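The structure under discussion appears below in the form of structure tokens.
Protein chains: 4
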Amino acid sequence: MQKRRVKGSFKHPKRQIRSGSREAAPLSKEFLKKRIIPIDIEGINTISGMLSAFHNTSFQSRNLACCVEIFKKMLEDPDEPTVFLGLAGAMIPAGMKKVISTMVKRKMVDVIVTTGANAYHDLVESFGYYHYKGSPEVDDAELYQSRIDRIYDTFADEEKYRLVDRKIVALADKIRTENVDVTSMSSREFLHDLGGLIDREGLKDEKESSFVWNCWRHNVPIFVPALADSSIGLGLTQHYIKFLREGVRPLGIDQIKDNHEIFEIKRTAKKTGVIYIGGGVPKNYIQQTAYLEDMFGIPDRGHDYGFQITTDRPEWGGLSGCTFKEGVSWGKEKHTGEFVTCYCDVTIALPLIVKAVLERLGNAPAMKRRTER
Amino acid sequence: MQKRRVKGSFKHPKRQIRSGSREAAPLSKEFLKKRIIPIDIEGINTISGMLSAFHNTSFQSRNLACCVEIFKKMLEDPDEPTVFLGLAGAMIPAGMKKVISTMVKRKMVDVIVTTGANAYHDLVESFGYYHYKGSPEVDDAELYQSRIDRIYDTFADEEKYRLVDRKIVALADKIRTENVDVTSMSSREFLHDLGGLIDREGLKDEKESSFVWNCWRHNVPIFVPALADSSIGLGLTQHYIKFLREGVRPLGIDQIKDNHEIFEIKRTAKKTGVIYIGGGVPKNYIQQTAYLEDMFGIPDRGHDYGFQITTDRPEWGGLSGCTFKEGVSWGKEKHTGEFVTCYCDVTIALPLIVKAVLERLGNAPAMKRRTER
Amino acid sequence: MQKRRVKGSFKHPKRQIRSGSREAAPLSKEFLKKRIIPIDIEGINTISGMLSAFHNTSFQSRNLACCVEIFKKMLEDPDEPTVFLGLAGAMIPAGMKKVISTMVKRKMVDVIVTTGANAYHDLVESFGYYHYKGSPEVDDAELYQSRIDRIYDTFADEEKYRLVDRKIVALADKIRTENVDVTSMSSREFLHDLGGLIDREGLKDEKESSFVWNCWRHNVPIFVPALADSSIGLGLTQHYIKFLREGVRPLGIDQIKDNHEIFEIKRTAKKTGVIYIGGGVPKNYIQQTAYLEDMFGIPDRGHDYGFQITTDRPEWGGLSGCTFKEGVSWGKEKHTGEFVTCYCDVTIALPLIVKAVLERLGNAPAMKRRTER
Amino acid sequence: MQKRRVKGSFKHPKRQIRSGSREAAPLSKEFLKKRIIPIDIEGINTISGMLSAFHNTSFQSRNLACCVEIFKKMLEDPDEPTVFLGLAGAMIPAGMKKVISTMVKRKMVDVIVTTGANAYHDLVESFGYYHYKGSPEVDDAELYQSRIDRIYDTFADEEKYRLVDRKIVALADKIRTENVDVTSMSSREFLHDLGGLIDREGLKDEKESSFVWNCWRHNVPIFVPALADSSIGLGLTQHYIKFLREGVRPLGIDQIKDNHEIFEIKRTAKKTGVIYIGGGVPKNYIQQTAYLEDMFGIPDRGHDYGFQITTDRPEWGGLSGCTFKEGVSWGKEKHTGEFVTCYCDVTIALPLIVKAVLERLGNAPAMKRRTER
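Which chain is which? The protein sequence lines are A, B, C and D, in order. All residue numbers for the first sequence refer to the working numbering, where the first residue is 1 and numbers rise by one. All residue numbers for the second sequence refer to the working numbering, where the first residue is 374 and numbers rise by one. All residue numbers for the third sequence refer to the working numbering, where the first residue is 747 and numbers rise by one. All residue numbers for the fourth sequence refer to the working numbering, where the first residue is 1120 and numbers rise by one.
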């Protein structure tokens, strides 16, 4: 078996060097092999070209280039790894919706784990309600009175949000009413139904850019492990309380059902790649799929490839900022795998990475979708 | 009605100043009222004394002092606000368990929202299995082979974790078997049962320091909105798969039931105070309790007091790093409330804050517990 | 006089909104004017195109787009502002040398303020000694024995550094010996002589990419206020001690002479733009040129345009992380100016910004060099 | 010779473990030796007690405890190491003045390297002008008009600053006029004269808390390598321009003279300890004293002890955020030394560390001052 080296932040073949001679010369030769090549922007014309040049620079630009390389490798691996995308943060108000949809359409991702907020904001926009350029330097008390919600430098229209909330309540009412036996669903199932809702009621022009709809259409499961912790969850709570008051058992969301489902996807995958956009539950949830297998006596099932874009850092001890190297100790990542962390705001890094990979792959990987393999 | 000023990062009475004269003198007087007083450590003997001195210094030490002041105020408010504690991060391997337990025992907190990891690690230690001082500078592949899990600079014993996992599976089996009608629980209910498990099977000496047990004993509800995303969730998944294979409907965890429960607590509280230790789901989940009320037509129910300890920052647009000021636009926080953010590692800030508040309150607030009011 | 709005983080016309009606509708209209437009990477082909799309996204990508816009504006202002570039960090080992040289060659910058390290590393490479791709995950004790210096993920060859040090000593010896009256120089003067040294002794192929040489050639002054705090300063110290031992008064570097020189440049500029790549002395030193004018009774001479790329943050109270908004209180920046901060690693942001500006300006601004105006 | 282990972030005895058996058990024993002990704030009464308890917690609290331990060790080392304190940031507006003065008075520090701002603000306060509690949430344009300077959440009185500036100009005029031969000084010499100025003209009550005065009194040299880059430098520039206009050669500040002076201090020290409060020039300048010795053929003269308090991080590649481990590759730190980094705002960490060390040492180390040894 060919052994892969873990990339990026923990790359060097320490042991060999350690056992090497203490004389300066041979060691220096070992260490001083690959020159930094100053980036020459005048000769660069494409985003892929920029990212290639970053391979020979330093610090986070080099890590960004490594993300492109690793993403490309996982999409070209003949073992067709199942690619999990963990998506935290407010990606839709940030304008990242189509980047994610492109990843779904172009077969660059097989499974999405995200926050309820990302799914909710996508839903909102699919009905023709939008987010707006704002500023953090405003009087938030006035925004409150104007029914405008602020997400750092971006504004949302509270009244439109309430219109969408009603659609969520109505969907839950409908599902429960039409299915006497269904008293609980996984978040994955409910997200699929939201995709169907967009297909039926969303604006025609907006569907194409909705990632929830694209996932629905291409059979890419979306898991929202903390669905209750979002406006979708609040809509479901309104349904819940309403039905309780009416004496009808309401629709619940069973988290453990989700675990079972994602476990089956992981278990049946030959290999896996992971992409962590921010931290939080999405990152940890994808990490633990490998850990769960070990619990069932399936050893060495850590993920094979991965990159993460984060602005968090390891020294606070939280999972969001932890390194892939730390994950190796848990068996969440294979120590023979290829991983890199790039410390950068996602809104800069993600479009660059996905565009560069697309340019290099001729717009889509050759591999089949997970569901068609 | 007495109006409170929002503290800390958005403190200044802008409007008055704005409408003031443009001449330098009167404005300068307005701005230059409170001198910075250099901290004199030689005259300080207590932690409360240090924190008092921080009131007249700058940057994050002043914010830390503000946390103490606001915490004290919410505990002394005659309206007896219900205090929600959001707890992210790996607080138990960090050695913060007794600080949280002290907060529970001393009636400083009424409701806890946390990650599954915090509850799990607390459970582990209550059975006499521990965490250990380690280092991030180790070979994680060797840790993996040694069955040691790393949490930044701290080690856990994988074999002991597996022993605890079996107890979780057994508990779920038992609950489901003994209660024919119970096919799903809220995370809050399951956490309460875990408290009971500790009471029955935990080490006598360890119970006192377990926050899950203390919550069980003192009727402080623990919500874990993303319970599936933790080792507790993985244990429940083992139960789930086992029962499915046996043809028995397994126990699920219904997230929406949790929402209903915490909504009732928020709805019936006269006032509320919030403490965010880190971000993630716990912070957002407590934030949204206020937002949910608005959905039901109960306006201006934002939280009244709050402080957060975080190392995240607002400019990435995520909820974990957002300011209280941003929350005002959503109605999650009252703009007349008192709030402050201290940017600091929790393991430093939390023990200092809780100790200083205890010193000032004569070891416990005078108010009654939420459940006894 | 046409009034400019301060951009980016403190953009919104607060006052007007404040005096507006309290009814939701008109305020909402005011706030919800500019939609976030999801970035569509499939339709983007150039770096300038990517940066344009970032104008309508959020968080740091929008700020990155603002940097491009403000940089372009300052280069197109008919008043021909003098552009000061503050350059901290290890930009040459990072591979950013040619980006800076391009800025000098293309008339995008008039004055550089930097650390001694940046000038030194540029000097090293001009003699054909290089920096190398390394990793932070190595045994630094072994690097030490191998005479390899580490700069995060990049390696330097200590033996080559020593060869360059000797050239610095020799240059100082020569200057002092050949100029009986010259007992001290400004850092600006010494840097110019280093440019001459590169011209005489540097590798032909390397000169073109050296920013010190390009500055020498195009008469762009380089100030290194803390020159002593670098390997150049250490070389000068070797010269100093050698001459002292020989009983000859050595060459000194007079910091205040630098202040006088940069003050004259600022004083005679009609307008000024500032670019802060990282913080430290370069940022503060450029900031204070405006403050110094005020000391001489020349009011309202704050800089007119500016952008900064930083990973530091304001809440620690240091100058490196301070906002442009804070600088307004000091008169360092005009409150009517246009400024933006982008929180990003420089090695990613700088090449993107400079490339995008070049694409938009047809490869160089039309304005004349400062020295030719 | 007894070998010391490098502490904190690179603590573990890797080699021994590496050569150990691959069986889980013995390795686990090796790794799982020191239990995390939950901090029990109820039993803690002193700051030293809190810091001792932090020794057995995790993340940054443990690193904070390590700072105390290493500081104590360097003060108790019978070889009497010379202790260098690097001081960046706005420590005086932050209220940290007396903490630094205490360190000077109690013989905890032998040499200070700082920014001009720290010395300037100390000077300002010694004349009875102060800094004030402010807020970052203000209109900085109004502050400008009110002649108030903002430092994050702290205000300064511009008019008082100008009074102090005149004293600096007058001092430079006087020095130059009274000493015909003195055309340049080191920053260290000028700072000493500023100490004398405070002694003559400062308020009696304020002297005791001034760190510049305490250094003057106790013969602790203060180096300000980038003195030009501060209000002191601007005052000197006013003097410079004034004298130039009068046709008199003005007083310059010769940076290289400083290098010579600090080099002599380092060269003659048996051992050295370093404390970095923030990064910037002070940190690098102290680092390079060890590097300079190597240039003169004195090998293995890296610092022996050190701790740093920072909020910067290594992955941007800058010197401010670099680890001690990186410094080992350069020979700036001994790989057998004891070092730790604590990621925390200085205004919280520094008073705690200094107080805890004082409590443990019975209020002052037993060793003699550097100048009395």
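Just so it is clear, CB atoms sit at the ideal spot from N, CA and C, and this is done for glycine as well. Because the structure is a prediction, the values reported are computed rather than measured.
Could you check if residue i is buried or exposed, using at least 16 other CB atoms within 10 Å of its CB as the buried criterion?
i	result
A366 of chain A	exposed
N1482 of chain D	exposed
K407 of chain B	exposed
I978 of chain C	buried
L201 of chain A	What sits at residue 201 of chain A in the sequence shown is Glu, not Leu. Exposed, because fewer than 16 other Cβ atoms sit within 10 Å of the Cβ of E201 of chain A.
G1162 of chain D	exposed
G1077 of chain C	buried
I1044 of chain C	exposed
V248 of chain A	exposed
D501 of chain B	Here residue 501 of chain B turns out to be Gly, not Asp, going by the sequence shown. With fewer than 16 Cβ atoms within 10 Å of its Cβ, G501 of chain B is classed as exposed.
E372 of chain A	exposed
T268 of chain A	exposed
L909 of chain C	exposed
Secondary structure at residue i, three-state DSSP: helix, strand or coil?
i	result
F805 of chain C	helix
T662 of chain B	helix
Y375 of chain A	Since the first residue shown for chain A is 1 and the last is 373, residue 375 of chain A is missing from the structure and cannot be characterised.
T1234 of chain D	coil
D1268 of chain D	strand
M854 of chain C	coil
S702 of chain B	helix
E338 of chain A	strand
T792 of chain C	coil
F901 of chain C	strand
D951 of chain C	helix
Take residue i and list the residues in its own chain whose beta-carbon comes closer than 7 Å to its own, dropping the five residues that flank it on each side.
i	result
T792 of chain C	E1105
T1201 of chain D	D1229, V1230, I1384, A1388, T1391 and R1489
Listing by chain order, which chain A residues have their CB less than 9 Å from the CB of residue i?
i	result
S1066 of chain C	Near S1066 of chain C there are no residues of chain A at all, since even the closest Cβ is about 17 Å away, more than 9 Å.
Residue i touches chain A at which residues, Cβ-Cβ below 7 Å?
i	result
N960 of chain C	What N960 of chain C touches in chain A: nothing, since even the nearest Cβ is about 12 Å away.
R1493 of chain D	Nothing in the structure corresponds to residue 1493 of chain D, since chain D is present only between 1120 and 1492.
V845 of chain C	I39 and I41
D627 of chain B	S184, G252, I253 and D254
List, in order along the chain, the chain D residues whose C-beta lies closer than 8 Å to that of residue i?
i	result
R381 of chain A	What the structure shows of chain A is the stretch from 1 to 373, and residue 381 of chain A is not part of that stretch, so it cannot be assessed.
Which residues in chain B have a C-beta closer than 7 Å to the C-beta of residue i? List them in chain order.
i	result
C1463 of chain D	C717, D718 and I721
R1059 of chain C	R686
Which chain B residues are close to residue i, counting only those with a beta carbon under 9 Å from its beta carbon?
i	result
G1063 of chain C	S431, F432 and Q433
Closer than 8 Å by C-beta to residue i: which residues in its own chain qualify, once you throw out the five before and the five after it? Chain order, please.
i	result
V928 of chain C	I921, R922 and L997
Taking C-beta pairs closer than 7 Å, name the residues in chain D that residue i reaches, listed in chain order.
i	result
D1004 of chain C	A1347
Excluding sequence positions up to five away, which residues of its chain have a Cβ less than 6 Å from the Cβ of residue i?
i	result
P784 of chain C	none
> Does the count of Cβ pairs from the region 1023-1032 of chain C and the region 830-841 of chain C closer than 8 Å reach three?
Replying inline: yes
> At a cut of 8 Å, does the region 1282-1291 of chain D reach the region 1241-1248 of chain D through at least three beta carbon pairs?
Replying inline: yes
> If we count Cβ pairs, one from each stretch, closer than 8 Å, do we get three or more for the region 425-445 of chain B versus the region 1219-1239 of chain D?
Replying inline: no
>> Pairs of beta-carbons, one from the region 1177-1191 of chain D and one from the region 466-475 of chain B, closer than 8 Å: are there three or more?
In response: yes
> Three or more beta-carbon pairs under 8 Å between the region 334-351 of chain A and the region 296-315 of chain A, yes or no?
Replying inline: yes
> Taking contact to mean at least 3 C-beta pairs separated by less than 8 Å, is the region 932-947 of chain C in contact with the region 997-1012 of chain C?
Replying inline: yes
> Do the region 209-217 of chain A and the region 101-108 of chain A touch if we need at least three Cβ pairs shorter than 8 Å?
Replying inline: The answer is yes - the region 101-108 of chain A touches the region 209-217 of chain A, with three or more Cβ pairs under 8 Å.
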